[in-house]
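Let me begin by presenting the structure, written as structure tokens, before commenting on it.
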Amino acid sequence: MSAEPIVRARDIRIWYGTTRGPVKAVDGVSFSVGKAEILGLVGESGSGKSTLGRGLLGLLPDGAAMDGELTFEGVDLLAATPKQRFAYRGTHLGMIFQEPLTRLNPLMRISEHFSETLKTHEPSISKAEIERRSLEVLRVMGIPPSRFSSYPHEFSGGMRQRLMIALALVLRPAFVVADEPTTALDVLVEAQIIKILHDLRNSFDTSLLLITHNLGIIAEACDRVAVMYAGQIVEIGAVDKVFADPQHPYTRELLRSTISLSTTALHSIPGAPPDLVDPPTGCAFHPRCPDALAICAVTRPIAYARDGGAPRSGSTDVACWVASAKSGTVTLTPAEAAPLPREELADADEA
Amino acid sequence: MLLIIPMMWVLLTMVFILLRVAPGDPVSAAVGGKLDPTVIAARRASLGLDRPLIVQYFEYLGQVIRLDFGKTLSDNRPVLDIIRDNGGATLTLTIGAFLFALVIGIPLGLIAGRRRDSIADVLIRLFGVITYAAPIFFVGLLIQMFVARPLGLPTSGIASPRTQFMVGSAPKTHILLFDAALSGDGNAFMDVLIHHLLPCLTLGLLVCGVFIRLVRVNILQTLQSDYVEAARARGIPENKVIRDHAFRNALVPVVTVIGLQAAMLLGGAVLTENTFNWPGLGTQLVHYIEALDYPAVQGLVTFFAAIVVVVSLAVDVINALIDPRVRYR
Amino acid sequence: MKKTALVALAAGVATTLALAACTSSGTTSSSSAATGSADWILGTSDTITALDPAGAYDIGSWNLQYSLFQQLVVMPANSATETPDAAASCKYDDPKTLTCKLKANQKFSNGDVMTSKDVLFSMQRNLKINDPNGASTLLASISNGKTEGQDLAEGAITTPDDTTVVFHLNAPDTTFIKVLTTAAGSIVDSKVFPADKLLADASVIGSGPYALAAYKPGEQAVLKKNPNYAGDRMGKANQIFVQFYKDASPLKQAVSAGEVDVAWRTLSPVDLADLKTKGQQDVVEGQGSEFRYWVWGFNSAVGKEAAVRKAAAYLIDRDAIATKAYNGNVTPSYSIVPPGFAGQKDSFKTVYGATPNLEAAKKVLADAGVTTPVPLTIGYTPQHYGPNAVDETTQLMNQLNASGLFTAKMTSAEWKQYQTLYKQNAYDLWMLGWYPDFLDADNYLAPFLVKGGFFKNGYNNDQVNSWVGAEQAETDTAKRATILGQLQDQAAADVPLIPSWNGKNIAVSSKKVAGVKDTLDPSYIFRMWMVSKSG
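Residue numbers (my numbering), protein chains in the order written: chain A, 347 to 697; chain B, 210 to 538; chain C, 115 to 649.
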């Protein structure tokens, strides 16, 4: 891992305004991503991972507010003017979206998409140069030059995702957020795309934030993983370490719920993700946590390093009273450490 | 496309039935108040109006197939002559109105869509609803009184009498605007053009309400679309995003709607022509309906229907040209 | 990108076209010539059925025909006596024979010389063609009377030489000379007009003060002075543009904006009042002969009771109708025959008084033993006679009801249905209107009083029938006036119909125009040759 992270996020909060009150979609998230590193972001639907991804690019809709500290290559993005942020997008920050079928303008040829992107950031670029760079990145993605002038509807889903990736990368951004890039694709195509993403750091030196709910992909393609629940990162660390030894009860339950060829019985976490307008007090996971302590219902957990080291490193943390108490990082009074009586939870109401 | 034939047949039959069912007949409409009933009956018989309806119906269908529209009953003009002499005026009126509607409606729709729920948006939508709902003759009257008179614009007619006489007496294309241009007389051309302004504006206002709402809704939709978000993620500035992605894609459905508006435009043209004394097919149609002149009304309505069909076909073709997805299929 | 380019291209083409047209030199021909006044523009909402005299019976068509054709004799403005036009003289030898002598060397506008053959030809073709919209019924006195194969009666017209025409009428008819002054008596060029069908409007050739320079149906007719005209009604202006309007509203806009110089027929009372107030144009009034009246149905239980009819005649308040429903644009009528006709007398005023008389109405009903209030169905038609017809009917209904002697209700039907319904006894009392074909009292008596009239109301009085025949045969004016008086008195006594009002002949003209007032008279002939414009 290189010394200075490309992206450092500290205490990011993204809240939406609604008629019922503010939705705390992202509520105090800290992490960092190094150069040519792939960080996986995993969580259930509604955990806030997509919002976080968009927030990093500055693509939040009206009615959302973002606060905290977000540094990219040493520059504070949240303090930048909108014009500067526009300048960053495409050139330094890139995004790969979920549904490739609808992400391309049906009235524009692929070549027009590329020339638009390139011309926006380099107004004096020549037509020949546009073609050269576009074809090069398409070659990496496995798209033949003969399809350069085709329209989007002439491509399959998998090819369109590769086009998206090519478009996102044509300007060689240093940091790319991939928001569930394979969710809409079938398994074989998915494998191809993941391989492409994994190889990006070799081809282009790109750092990647890979957002997904699929733990298998994390295991395969990522260096580190961050687990999100109810707008907060509950655990973050190297993939092999976290998967081998999950310290947060949620991570543990998540891993147990994963279906593989050796699964004989289905396991699920009772209950449902919380309402983000009015989240539970203390630790957001406590109503569903099998190991909950009394303090969990009262005070929000503080993130400490997984291995008991420095607190809140952003590189490898866990935010859990149970885990911190077990590792000795934190001492709890007997009252705080008393197990929390669990209410009978109804079977998870589908959201 | 083959559906056109049964469509036209239904239309022709309906026109026939409606005309015959309406009380009265061409003869009493013309001279009913003056003549002895036996004389009227005799005249009706001489026109073949007392034969069984079925006989008259098949004769009528036969004539249509042979494209023989016959002559009018009330004033003995060949119906095709009516179409030839007056079609041009309706043509330039509707095209002009359409242009006005585009020029007014599309930008306003764009503004309303971009500034959703702002004062501008509310006012524009209100404007669109009012122009769509207000009766054309009333809007026309207001325009005549409050726009034409103060600005010194003509309140009626397609040209001043002198221009009408000079250009109209040697028609080449039978479209007065083009004939005036071809005649090389700049004053005459400007005269006809200026006479077009207010009627086209009046009719255009009717249709522009449709365009405003359509463009607005489409802009709102395209602004939400995924490729717009993806474009923003690539750093394309907001103005370019709106222009090249949201706006262009919002206009595609407008073309289809245009085809649907052709019928509304023709219907509105009839009222507009009445208000502005415009010598087009709409005026003729009203005149012959009042006279219950069967051949004339049948011929004109058939012609209108044919126009609508042609426009629909043209719209389909244009749609294929601008939307590559349609071509693919 | 492509779409905006297309739009821009179209706009560019349009602008360049406009600019090119602007910069090209253009000349509009000037209106002044060596003689004659400036051209002027007439606006009217009357429709034209045909310009061929054999093909029309309506005021709009006749209006143009009077300028395009000559008749043997014509009615000068505001006169009840005919004067020579194509004929130097026209006289009754006896009530069945009429001899006319043509002026020498008259030419049609195309140079053809007019002879007596043209006169015979014109009358004969009118009868033979028997067009459904035509006025051949006016020529009944020279017709062979057949419905199939109508033609001139054998020997009805003889032409002893090129300038003499003799009419041998079927029956004594002193009104026939008046028929010759109508447009049905127009003389057409036998070399141009077909004998058995109508000639296309744009091709008509006549010998009148003006010739047709251009004609677009429903839009415009352009009249140019006829250089070959040598009669007494020489045109003043060189060129006249007649613009046709579908509706009163754009016509009113046009005349008040100065886009037409004269507007004649038909502006609503409200429009006229507005123009009068603004005062920028002249609202010119002349005496008219339009007649509005109420017909009784003798086949209904109510209508056949004479006392009921007389009571209503006592109660009608004509002044109220004229002011409230028509803004004073009409004059109350007290006779079947309008004022200004030879032999006219206000018989209804004599019998029933000029103002409503409630006591007399009560008395006549009581004397006849009629129980009151009498239920009455009044019929009218909402559009054919103008939008104020409903106001007029409401007025009458209220007047009858206010007396307590009637419970009247009003019901309407569209014109086409109305014509059938009133003949089927749908109403006890119904509204009708009338324009004269020619200016003779007979034109208000024969069509109304004989055998139920053209409206078939069931009235039949043998004495009346024989009087009508007598006045048609009477050549002595004084004796004829007596018979006409008797007829009007009898009509007031029997009340087959109640006269309501006479319309005025109204036009709006720009202040630069002269001669309009002179032509507004009961004949409704708009003598365009009398009108001129200055500047």
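Glycine included, C-beta positions come from ideal geometry on N, C-alpha and C. None of the values given here were measured: they were computed from a predicted structure.
Item to complete: Would you verify that the beta carbon of Leu-227 of chain B is, or is not, closer than 9 Å to some beta carbon of chain C?
Response: Position 18 of the second sequence, counting from 1, holds the residue named residue 227 of chain B. Not one chain C Cβ lies under 9 Å of Leu-227 of chain B.
Item to complete: Identify whether Pro-595 of chain A lies in helix, strand or coil by the three-state DSSP scheme.
Response: Your numbering for residue 595 of chain A matches position 249 in the first sequence. If DSSP states are grouped into helix, strand and coil, Pro-595 of chain A belongs with the helices.
Worksheet item: Contact check, Thr-229 of chain C vs Val-280 of chain C under 8 Å by CB: the rounded distance?
Response: For this step, residue 229 of chain C is matched to residue 115 along the third sequence. For this step, residue 280 of chain C is matched to residue 166 along the third sequence. Incorrect: roughly 14 Å between the Cβ atoms, too far for contact.
Practice prompt. Report the rounded CA-to-CA distance for Glu-445 of chain A versus Thr-529 of chain A, giving the unit in angstroms.
Written response: Taking the first residue of the first sequence as position 1, residue 445 of chain A is located at position 99. Taking the first residue of the first sequence as position 1, residue 529 of chain A is located at position 183. So the two alpha carbons sit approximately 8 Å from each other.
Worksheet item: Does the beta carbon of His-405 of chain B come closer than 9 Å to any beta carbon on chain C?
Response: What you label residue 405 of chain B is simply residue 196 of the second sequence in a count that begins at 1. Judged by the 9 Å Cβ criterion, His-405 of chain B is not in contact with chain C.
Discussion item. Does any residue of chain B have a CB that is nearer than 9 Å to the CB of Ile-155 of chain C?
Written reply: If you number the third sequence from 1, residue 155 of chain C lands on position 41. It does: the Cβ of Ile-155 of chain C has a partner Cβ on chain B nearer than 9 Å.
Fill in: Contact check, Gly-259 of chain C vs Ala-168 of chain C, beta carbons under 9 Å
Taking the first residue of the third sequence as 1, we reach residue 259 of chain C at position 145. Taking the first residue of the third sequence as 1, we reach residue 168 of chain C at position 54. Not closer than 9 Å, so no.
Discussion item. On the DSSP letters alone, give me the boundaries of the alpha helix (DSSP H) that Thr-464 of chain C sits inside.
Written reply: Here residue 464 of chain C refers to the residue found at position 350 when the third sequence is read from its first residue. 461–466 is the span of the alpha helix (DSSP H), which, as asked, contains Thr-464 of chain C.
Worksheet item: Considering only C-alpha positions, which residue in the set A:Gly-386, A:Pro-469, A:Thr-679, A:Ser-376 is nearest to Val-523 of chain A?
Response: The residue you call residue 523 of chain A lines up with position 177 of the first sequence. The shortest C-alpha separation from Val-523 of chain A is found at A:Gly-386.
Worksheet item: Could you give the residue range of the alpha helix (DSSP H) that holds Met-217 of chain B?
Response: Your numbering for residue 217 of chain B matches position 8 in the second sequence. Where Met-217 of chain B is concerned, the enclosing alpha helix (DSSP H) stretches over 213–230.
Worksheet item: Listing by chain order, which chain B residues have their CB less than 9 Å from the CB of Asp-275 of chain C?
Response: Counting from 1 along the third sequence, the entry for residue 275 of chain C is found at position 161. Those do not exist, as Asp-275 of chain C stays about 35 Å from chain B at its closest Cβ, beyond 9 Å.
Worksheet item: Does DSSP put Pro-286 of chain C in a helix, in a strand, or in coil?
Response: Locating residue 286 of chain C in the third sequence gives position 172, counting from the first residue. In the structure shown, Pro-286 of chain C sits in coil (DSSP, three-state: anything other than H, G, I, E or B).
Worksheet item: Roughly how many angstroms lie between the CA atoms of Thr-491 of chain C and Ala-522 of chain C, to the nearest whole one?
Response: In the third sequence, counting from the first residue as 1, residue 491 of chain C sits at position 377. In the third sequence, counting from the first residue as 1, residue 522 of chain C sits at position 408. So the alpha carbons of these two residues sit roughly 6 Å apart.
Discussion item. For chain B, check one thing: does any of its Cβ atoms lie closer than 9 Å to the Cβ of Thr-364 of chain A?
Written reply: Within the first sequence, the letter at position 18 stands for residue 364 of chain A. No - not a single Cβ of chain B is within 9 Å of the one on Thr-364 of chain A.
Discussion item. Taking the alpha carbon of Thr-534 of chain C as the reference point, which residue from B:Gly-233, B:Leu-350, B:Leu-220, B:Leu-221 has its own alpha carbon closest?
Written reply: Taking the first residue of the third sequence as 1, we reach residue 534 of chain C at position 420. For Thr-534 of chain C, the nearest C-alpha among the options comes from B:Gly-233.
Worksheet entry | CA nearest to the CA of Ala-325 of chain C, picked from C:Gly-332, C:Asp-303, C:Asp-310 | By one-based count along the third sequence, residue 325 of chain C stands at place 211. The shortest C-alpha separation from Ala-325 of chain C is found at C:Asp-303.
Worksheet entry | DSSP state of Trp-643 of chain C mapped onto helix, strand, coil | Start at 1 with the first residue of the third sequence, and residue 643 of chain C comes out as number 529. Here Trp-643 of chain C sits in helix by DSSP.
Worksheet item: When the Cβ atoms of the segment 398–406 of chain C are set against those of the segment 616–626 of chain C, are three or more pairs found closer than 8 Å?
Response: yes
Discussion item. Counting only Cβ pairs nearer than 7 Å, list the residues of chain C close to Asn-483 of chain B.
Written reply: Within the second sequence, numbered from 1, the residue matching residue 483 of chain B stands at position 274. Residues of chain C passing the Cβ test: Lys-360, Asp-361.
Worksheet item: Are Ser-255 of chain B and Ala-505 of chain B closer than 9 Å when you measure CB to CB?
Response: Working through the second sequence from its first residue, we reach residue 255 of chain B at position 46. Working through the second sequence from its first residue, we reach residue 505 of chain B at position 296. Their beta carbons are not under 9 Å apart, which means Ser-255 of chain B does not touch Ala-505 of chain B by this criterion.
Practice prompt. Could you tell me whether any Cβ in chain B is nearer than 9 Å to the Cβ of Met-347 of chain A?
Written response: The residue labelled residue 347 of chain A in the question sits at position 1 within the first sequence. The predicted model places Met-347 of chain A with a pLDDT of 42, which falls under 50 and marks its position as unreliable; any figure quoted below should be read in that light. Taking Cβ atoms only, chain B never reaches closer than 9 Å to Met-347 of chain A, which makes this a no.
Item to complete: Please confirm whether any heavy atom of the ligand ATP lies closer than 8 Å to the CB of Ala-309 of chain C.
Response: Among the ligands in the structure shown, none appear at all, so the ligand ATP cannot be discussed.
Item to complete: Taking a Cβ distance cut-off of 8 Å, strictly less, list which residues of the segment 230–252 of chain C are near chain B, in chain order.
Response: Asn-244, Pro-246, Asn-247, Thr-251
Worksheet item: Across which residues does DSSP place Lys-221 of chain C in a beta bridge pair?
Response: Working through the third sequence from its first residue, we reach residue 221 of chain C at position 107. For Lys-221 of chain C, which the question treats as bridged, DSSP gives the partners C:Val-227.
Discussion item. Taking only three categories from DSSP, how would you classify Ile-542 of chain A?
Written reply: As a working mapping, residue 542 of chain A is identified with position 196 in the first sequence. Reduced to three states, the DSSP call for Ile-542 of chain A is helix.
Practice prompt. Thinking Gly-649 of chain C and Lys-350 of chain C are a contact (beta carbons under 8 Å), I'd like their distance in whole angstroms, please.
Written response: As a working mapping, residue 649 of chain C is identified with position 535 in the third sequence. As a working mapping, residue 350 of chain C is identified with position 236 in the third sequence. Contact flag wrong, Cβ pair sits at about 14 Å.
Worksheet item: Beta carbon of Leu-509 of chain B, beta carbon of Ile-292 of chain B: below 9 Å?
Response: For the purposes of this step, residue 509 of chain B is identified with residue 300 of the second sequence, where counting begins at 1. For the purposes of this step, residue 292 of chain B is identified with residue 83 of the second sequence, where counting begins at 1. Contact: yes.
Worksheet entry | Given Leu-253 of chain C as reference, the closest of C:Asp-276, C:Asp-232, C:Ala-285 once Cα atoms are compared | Working through the third sequence from its first residue, we reach residue 253 of chain C at position 139. Answer by Cα proximity: C:Ala-285.
Fill in: CB contact check: Lys-292 of chain C to chain B, cutoff 9 Å
Stepping through the third sequence from its first residue, residue 292 of chain C is reached at position 178. For Lys-292 of chain C, the answer is no, since every Cβ of chain B falls outside 9 Å of its Cβ.
Worksheet item: Of the residues A:Glu-477, A:Ser-670, A:Ser-396, which one's Cα is nearest the Cα of Glu-526 of chain A?
Response: For this step, residue 526 of chain A is matched to residue 180 along the first sequence. Among A:Glu-477, A:Ser-670, A:Ser-396, the Cα nearest to that of Glu-526 of chain A is on A:Ser-396.
Worksheet item: By DSSP, does Ile-291 of chain B sit in helix, in strand, or in coil?
Response: On the second sequence, position 82 is the one that residue 291 of chain B refers to. Here Ile-291 of chain B sits in helix by DSSP.
Worksheet item: Leu-156 of chain C by DSSP, collapsed to three states: which one?
Response: Within the third sequence, numbered from 1, the residue matching residue 156 of chain C stands at position 42. Three-state DSSP puts Leu-156 of chain C in a strand.
Worksheet item: So what's Asn-448 of chain B in DSSP terms, helix, strand or just coil?
Response: Within the second sequence, residue 448 of chain B is the residue found at index 239, counting from 1. It is helical.
Fill in: Spatial distance of Leu-522 of chain B from Gly-468 of chain B (CA atoms)
Position 313 of the second sequence holds residue 522 of chain B. Position 259 of the second sequence holds residue 468 of chain B. Rounded to whole angstroms, Leu-522 of chain B to Gly-468 of chain B spans 8 Å at the Cα level.
Worksheet item: Are the C-beta atoms of Lys-530 of chain C and some chain B residue less than 9 Å apart?
Response: Along the third sequence, one-based indexing puts residue 530 of chain C at 416. Yes, Lys-530 of chain C counts as interfacial toward chain B.
Worksheet item: Would a check of beta-carbon distances place Ala-529 of chain B closer than 9 Å to chain A?
Response: Here the question's residue 529 of chain B lines up with position 320 in the second sequence. Cβ-Cβ to chain A under 9 Å: no for Ala-529 of chain B.
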